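Participant: Counting along the sequence shown from 1, when you hit position 111 you're at 111 in full-length UniProt numbering, and nothing is skipped either side. We treat Cβ as the ideally placed atom computed from N, Cα and C, and that holds for glycine. Bear in mind the structure is a predicted one, so any value in this text is a computation, not a measurement. Let me give you the structure first, and then I'll get to my questions.
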Amino acid sequence: MKILVIEDEIQLLKNIKESLEKENFLVETAMGFETAMEKAMVYAYDCILLDIMLPNGSGLDILDGLKKEGKQENVIIISAKDSLDDKLKGLDLGADDYLTKPFHLAELNARIKAVLRRKDLDGSRFMELGNTKLNIENRQFLVDGTPIPLNRKEFDILNYFMLNKSRLVTKNALAEHVWGDNSDQADNFDFVYYQIKNLRKRLLESKSGLEIDSVYGVGYKLIVK
1 MKILVIEDEI QLLKNIKESL EKENFLVETA MGFETAMEKA MVYAYDCILL
51 DIMLPNGSGL DILDGLKKEG KQENVIIISA KDSLDDKLKG LDLGADDYLT
101 KPFHLAELNA RIKAVLRRKD LDGSRFMELG NTKLNIENRQ FLVDGTPIPL
151 NRKEFDILNY FMLNKSRLVT KNALAEHVWG DNSDQADNFD FVYYQIKNLR
201 KRLLESKSGL EIDSVYGVGY KLIVK
């Protein structure tokens, strides 16, 4: 898997590169707009990590260029700019995810693997684990072919867990993915605990074969029993 990291903060760029190489990704880097644009247009990548604020240009222009060229790279915006307008514009231009600085490298790794898994679905409407199936289009959860009712948040949480099966999902990553940017304004994660508690109950009662394990002080893992 080949990743292009476009970031002008040299220490952050170095840290991201080292972290991804430990995960056995092939990593290329670019710090300025011109170099980044050239690499993004000429070469193919499985994922591009894209900072919006670059010397001599905007990462949004690179996104626009990818869209006009019909390129299919997964793009995750990593930026200190947290305005809703920038986020919406980036997503509208084709970005797959948006991560606001500062962030944990483990969270970034989880986001990358999640977007790569979504690509691996290749347009499929279904995700399957063990005796369970998630219908993405109809937002339906089935165990042994039987529909199991989930509320909207429970479905979104389970979807995120299934995209990151057997991997650590931090509380911060889960909250931001399911509840959006406003999650960082919360005093605690009680709203996450409540939905996880309900989802665990539904998984157990339906005999789904899926289990959400807690990793003390950090987050959760979805396990297939």
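Alpha carbon to alpha carbon, what distance is there between LEU116 and LYS81?
Facilitator: LEU116 has its alpha-carbon roughly 24 Å from the corresponding atom of LYS81.
Participant: Which of helix, strand or coil does DSSP assign to LYS201?
Facilitator: helix
Participant: Would a C-beta distance cut-off of 9 Å place ASN151 and LYS207 closer than the cut-off?
Facilitator: no
Participant: State the start and end residues of the unbroken alpha helix (DSSP H) segment that holds MET37.
Facilitator: 33-42
Participant: Please classify ILE136: does DSSP put it in a helix, a strand, or coil?
Facilitator: coil
Participant: Determine the direct distance from the alpha carbon of ILE77 to that of MET53, and round the result to whole angstroms.
Facilitator: 10 Å
Participant: Roughly how many whole angstroms lie between the Cα atoms of ASP46 and ALA36?
Facilitator: 15 Å
Participant: Which of the three DSSP states, helix, strand or coil, is assigned to ASP97?
Facilitator: Residue state for ASP97 is assigned as strand, using DSSP reduced to three classes.
Participant: Relative to the C-alpha of LYS221, which candidate in LEU63, MET162, GLN195, LYS87 has its C-alpha closest?
Facilitator: MET162
Participant: Between the C-alpha atoms of LYS68 and ALA106, what's the straight-line distance to the nearest angstrom?
Facilitator: 32 Å
Participant: Could you check the C-alpha separation between THR170 and VAL42 for me, to the nearest Å?
Facilitator: Cα to Cα, THR170 sits roughly 35 Å from VAL42.
Participant: How many Å lie between LYS22 and ALA175 at the Cα?
Facilitator: Going by the C-alpha atoms only, they are around 26 Å apart.
Participant: Mind checking which residues open and close the alpha helix (DSSP H) that includes LEU150?
Facilitator: Unbroken run through LEU150: none, as it is neither H nor E.
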